[in-house]
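Student: Take this structure, written in structure tokens, and hold onto it; I'll ask about it next.
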Amino acid sequence: MSRPTGSPDVVVVGGGPAGSVAATRLAQLGHSVIVLERERFPRYHIGESLLSATLPILDAIGATPRIAAHGFLEKPGGTFQWGRHGEPWSFLFREDPGGRPHAYQVVRAEFDEILLRYAAEHGAEVREEHRVVGLDVEGERPAIRVESASGGETRLEPRLLIDASGQQALLGRQRGLRRFNDFFKNLAIFGYWRGAERLPGALANHILSAAFSDGWFWYIPLHDGTMSVGAVVDVKRWRELAERNPLDTYRKLVAACPGVASRLAHAELVSEIRIIRDYSYDSSAFHGDTWLLAGDAACFIDPVFSTGVHLASLAGFLSARAASAVLRGVATPSDAFGAYERGYRGAFERYLRFLMFFYDHNVEQDSYFWQARRVCEHSPPDLDARQAFVRLMSGGSDWDALPEIAAREHARFETAIASGRAGQLPGAELLRVRTTERIIER
Numbered sequence: 006m007s008r009p010t011g012s013p014d015v016v017v018v019g020g021g022p023a024g025s026v027a028a029t030r031l032a033q034l035g036h037s038v039i040v041l042e043r044e045r046f047p048r049y050h051i052g053e054s055l056l057s058a059t060l061p062i063l064d065a066i067g068a069t070p071r072i073a074a075h076g077f078l079e080k081p082g083g084t085f086q087w088g089r090h091g092e093p094w095s096f097l098f099r100e101d102p103g104g105r106p107h108a109y110q111v112v113r114a115e116f117d118e119i120l121l122r123y124a125a126e127h128g129a130e131v132r133e134e135h136r137v138v139g140l141d142v143e144g145e146r147p148a149i150r151v152e153s154a155s156g157g158e159t160r161l162e163p164r165l166l167i168d169a170s171g172q173q174a175l176l177g178r179q180r181g182l183r184r185f186n187d188f189f190k191n192l193a194i195f196g197y198w199r200g201a202e203r204l205p206g207a208l209a210n211h212i213l214s215a216a217f218s219d220g221w222f223w224y225i226p227l228h229d230g231t232m233s234v235g236a237v238v239d240v241k242r243w244r245e246l247a248e249r250n251p252l253d254t255y256r257k258l259v260a261a262c263p264g265v266a267s268r269l270a271h272a273e274l275v276s277e278i279r280i281i282r283d284y285s286y287d288s289s290a291f292h293g294d295t296w297l298l299a300g301d302a303a304c305f306i307d308p309v310f311s312t313g314v315h316l317a318s319l320a321g322f323l324s325a326r327a328a329s330a331v332l333r334g335v336a337t338p339s340d341a342f343g344a345y346e347r348g349y350r351g352a353f354e355r356y357l358r359f360l361m362f363f364y365d366h367n368v369e370q371d372s373y374f375w376q377a378r379r380v381c382e383h384s385p386p387d388l389d390a391r392q393a394f395v396r397l398m399s400g401g402s403d404w405d406a407l408p409e410i411a412a413r414e415h416a417r418f419e420t421a422i423a424s425g426r427a428g429q430l431p432g433a434e435l436l437r438v439r440t441t442e443r444i445i446e447r
């Protein structure tokens, strides 16, 4: 028997970075929000390497100190063993003018739980082990049927829905929106090692992306003393072998990549071998009249540039901003959600365009830099080619295209708190009588 219908302002499906950032921001802006998460956190997730431009987003919701205090490794940049010449080459986030000097290498079970608990602390109602079993977005309000771990069923009818359900992509699958990318028909096979050799000296906390004849490897040091090591290879060639004998296939791939095999020579594999495939896609639409897709529920490219958490966090922040504008009656869904889709899709497509070029392993290093300069069309005109490459790798080009939204929001928070004037806080207009009257009238 269903319990009575709930009517929050927003239901967010999924408690990963996209959902947690969206829920936190909406709650900070004074909206009622329920997060539905099918699992109990902490839970395992791949995607451990962050970009430095993710930090302004975390700043904007106030979560950066919590992340910084946890003990994750600071990631000053990345190293590639890629291109025509076999020698490794590196970039540093501090080379991006105006950017942040580091990102983090995170254990996602811990990182994601921090963000989800942070959302709850700021007013979002978080319901873990709640699975969406029915979804209808054809009416004036989304209708969501939810089943809890105990078997009870709830019906929710929020004003708006943000689908941040990850690669489960509830709405994308239901409405036939997903479009898989034929260029990136890859499979990732990965595990965790203890005692792995890190890169030398100042590069010790870098991610290493090492190309070899069958694809490429990621090599990511983590604060728990393990190394995340994964191969990305052609799905047609390797799927059957990987699924039939994942351990042997994985070890064969490790042995085929000298830059990784040599660093694992005295290390111990300490995990099971995991496989993911069919993960490069986008959606034909990122929104409807009452719903938005955010994070992996909307799109995912490829792990080579570590864009997953960054794009998810960006989508969470921007979807919350768009939803709030609609809820407050200051923008129509067409305008606010359309602007959201243009901004988010633009960030996704910048990486997609560059990735297609970057996957050519027979290119000179400088060619990658010049291609990045062409892709970063919104970057300051005085950036040289290498700086443009670093800006793209940091995620900073997303802020070039989205006029420093998060930075402005964070500055408003800091100014309001320092001055003791609560009325200056972002979203404080929701507390004003005239605004309330306008919302009621609508």
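The sequence shown begins at 6 in the numbering used here and counts up by one.
Every residue gets a Cβ at the ideal spot worked out from N, C-alpha and C, and that includes glycine.
For Val15 and Phe322, which I take to be in contact (beta-carbon distance under 8 angstroms), what is that distance rounded to the nearest angstrom?
Tutor: Position 10 of the sequence shown, counting from 1, holds the residue named residue 15. Position 317 of the sequence shown, counting from 1, holds the residue named residue 322. Rounded, the Cβ-Cβ distance is 14 angstroms, inconsistent with contact.
Student: Within 8 angstroms of any Cβ in chain C, is that where the Cβ of Gln86 sits?
Tutor: This model lacks chain C altogether, as it is built from one protein chain only.
Student: Can you find the residues in the same chain that come closer than 6 angstroms, C-beta to C-beta, to Ser366, ignoring five residues on each side of it along the sequence?
Tutor: Indexing the sequence shown from 1 puts residue 366 at position 361. Correcting the residue identity first, residue 366 is His in this sequence and not Ser. Taken in chain order, the residues that qualify are Ala216.
Student: Can you give the beta carbon distance from His292 to Glu346, rounded, assuming they're within the 8 angstroms contact cut?
Tutor: Residue 292 sits at position 287 when you count from the first residue of the sequence shown. Residue 346 sits at position 341 when you count from the first residue of the sequence shown. 6 angstroms between Cβ atoms; contact.
Student: Whole angstroms are fine: how far does the CA of Glu145 sit from the CA of Ser7?
Tutor: The count along the sequence shown starts at 1 and reaches residue 7 at position 2. The count along the sequence shown starts at 1 and reaches residue 145 at position 140. Residue confidence is low: Ser7 scores 42 on pLDDT, short of 50, so the model does not pin down where it sits. No coordinate-derived value is stated.
Student: Count the other C-beta atoms from every protein chain shown that fall within 10 angstroms of the C-beta of Val17, then say buried if there are 16 or more, exposed otherwise.
Tutor: The residue given as residue 17 occupies position 12 in the sequence shown. Val17 is buried by the Cβ-count criterion.
Student: Might you give, ordered along the chain, the residues of its own chain that have their beta carbon closer than 7 angstroms to the beta carbon of Ala290, omitting 5 neighbours on each side?
Tutor: Looking up residue 290 in the sequence shown gives position 285. Around Ala290: Leu182.
Student: Taking the beta strand (DSSP E) that Arg184 falls in, what are its first and last residues?
Tutor: Walking along the sequence shown from the start, residue 184 turns up at place 179. 183-185 is the extent of the beta strand (DSSP E) around Arg184.
Student: Among Lys257, Ala247, Pro338, whose alpha-carbon lies nearest the alpha-carbon of Ile281?
Tutor: Against the sequence shown, residue 281 aligns to sequence position 276. The shortest C-alpha separation from Ile281 is found at Ala247.
Student: Just to check, is the beta-carbon of Leu31 closer than 7 angstroms to a non-hydrogen atom of the ligand ZN?
Tutor: The ligand content of the structure shown is nil, which means the ligand ZN is not present either.
Student: So which of Arg113, Pro102, Arg45 has the shortest CA-CA distance to Ile51?
Tutor: For the purposes of this step, residue 51 is taken as residue 46 along the sequence shown, with counting starting at 1. Comparing Cα positions, the closest option is Arg113.
Student: On the DSSP letters alone, give me the boundaries of the beta strand (DSSP E) that Ile278 sits inside.
Tutor: Taking the first residue of the sequence shown as 1, we reach residue 278 at position 273. Careful: Ile278 lies outside any beta strand (DSSP E) and carries neither H nor E.
Student: Buried or exposed: where does Val89 fall if 16 or more other Cβ atoms within 10 Å of its Cβ makes it buried?
Tutor: Locating residue 89 in the sequence shown gives position 84, where the first residue counts as 1. The residue asked about is misnamed: residue 89 is Arg in this sequence, not Val. With fewer than 16 other Cβ atoms within 10 Å, it is exposed.
Student: Return the CA-CA distance between Asp403 and Asp141, expressed in angstroms with no decimal places.
Tutor: The residue given as residue 403 occupies position 398 in the sequence shown. The residue given as residue 141 occupies position 136 in the sequence shown. Approximately 33 angstroms, taken between the alpha carbons.
Student: What's the C-alpha gap between Asn186 and Tyr286?
Tutor: Counting from 1 along the sequence shown, the entry for residue 186 is found at position 181. Counting from 1 along the sequence shown, the entry for residue 286 is found at position 281. Between Asn186 and Tyr286, the C-alpha separation is close to 5 angstroms.
Student: Do you know whose CA, among Met361, His107, Gly91, Ala32, lies nearest Val395's CA?
Tutor: Translated into the one-based positions of the sequence shown, residue 395 becomes position 390. Residue His107 is the option with its Cα nearest to Val395.
Student: Between Arg358 and the rest of its own chain, which residues show a CB-CB distance below 7 angstroms, the 5 nearest in sequence each way excluded?
Tutor: Taking the sequence shown and counting its residues from 1, one reaches residue 358 at position 353. Correct list, in chain order: Val380.
Student: Would you tell me roughly how many angstroms separate the C-alpha atoms of Glu273 and Ala74, rounded to the nearest one?
Tutor: Residue numbering aside, residue 273 sits at position 268 when the sequence shown is read from its first letter. Residue numbering aside, residue 74 sits at position 69 when the sequence shown is read from its first letter. Taking the straight line joining both Cα atoms gives about 29 angstroms.
Student: Whole angstroms are fine: how far does the CA of Gly334 sit from the CA of Leu297?
Tutor: Taking the sequence shown and counting its residues from 1, one reaches residue 297 at position 292. Taking the sequence shown and counting its residues from 1, one reaches residue 334 at position 329. Looking at the two C-alpha atoms, the distance is approximately 17 angstroms.
Student: CB Ala352 to CB Leu165, shorter than 8 angstroms?
Tutor: The residue labelled residue 352 in the question sits at position 347 within the sequence shown. The residue labelled residue 165 in the question sits at position 160 within the sequence shown. No, Cβ-Cβ distance for Ala352 and Leu165 is not below 8 angstroms.
Student: How would you call Gly230, buried or exposed, if buried means at least 16 neighbouring beta carbons within 10 angstroms?
Tutor: Stepping through the sequence shown from its first residue, residue 230 is reached at position 225. Per the 10 Å Cβ criterion, exposed.
Student: Measure the alpha-carbon distance for Leu269 versus Arg160 and round it to whole angstroms.
Tutor: By 1-based counting over the sequence shown, the position of residue 269 is 264. By 1-based counting over the sequence shown, the position of residue 160 is 155. When rounded, the distance between both Cα atoms is 51 angstroms.
Student: Tell me whether Asp117 sits in a helix, a strand or coil according to DSSP, three-state version.
Tutor: The sequence position of residue 117 within the sequence shown is 112, counting from 1. Helix at Asp117.
Student: Return the residue from the list Ser318, Val237, Phe342 that minimises the CA-CA distance to Arg30.
Tutor: Here residue 30 corresponds to residue number 25 of the sequence shown, with the count starting at 1. Ranking Ser318, Val237, Phe342 by Cα distance to Arg30 puts Ser318 first.
Student: From this set, Pro263, Gly235, Leu121, Glu44, which residue's C-alpha is nearest Ile194's C-alpha?
Tutor: On the sequence shown, residue 194 is found 189 positions in, with the first residue counted as 1. Of the listed residues, the one whose Cα sits closest to Ile194 is Gly235.
Student: Only counting the same chain, and skipping five residues up and downstream in sequence, which positions put a Cβ closer than 6 angstroms to that of Ser170?
Tutor: Locating residue 170 in the sequence shown gives position 165, where the first residue counts as 1. Excluding sequence neighbours, Ser170 sits near Val18, Gly19, Ala302.
Student: Just checking, does the segment 77-84 make contact with the segment 95-105 on the three C-beta pairs under 8 angstroms criterion?
Tutor: The segment 77-84 is in contact with the segment 95-105.
Student: Spatial neighbours of Asp101 within its chain, please: C-beta separation below 6 angstroms, excluding the five flanking residues on both sides.
Tutor: Indexing the sequence shown from 1 puts residue 101 at position 96. Cβ within range, chain order: Val395, Arg396, Ser399, Gly401.
Student: Starting from the C-beta of Leu436, find all residues in its chain whose C-beta is less than 6 angstroms away, skip the five residues before and the five after it, and write them out in chain order.
Tutor: Sequence index remark: in the sequence shown, residue 436 carries index 431 (1-based). Confidence in Leu436 is poor, its pLDDT being 32 and thus under 50, which makes the residue's placement unreliable; the coordinate value appears in the next sentence. If we look at Leu436 and ignore the five residues flanking it on each side, it has no Cβ neighbours.
Student: Spatial neighbours of Trp198 within its chain, please: C-beta separation below 7 angstroms, excluding the five flanking residues on both sides.
Tutor: Working through the sequence shown from its first residue, we reach residue 198 at position 193. Excluding positions up to five away in sequence, the list reads Thr231, Met232, Val234, Leu269, Ala272, Glu273, Leu274, Val275.
Student: Assuming Val314 contacts Pro22 under a Cβ cut-off of 8 angstroms, what Cβ separation, rounded to an integer in Å, is found between them?
Tutor: Here residue 314 refers to the residue found at position 309 of the sequence shown. Here residue 22 refers to the residue found at position 17 of the sequence shown. Yes, Val314 and Pro22 are in contact; Cβ-Cβ is about 5 angstroms, under 8 angstroms.
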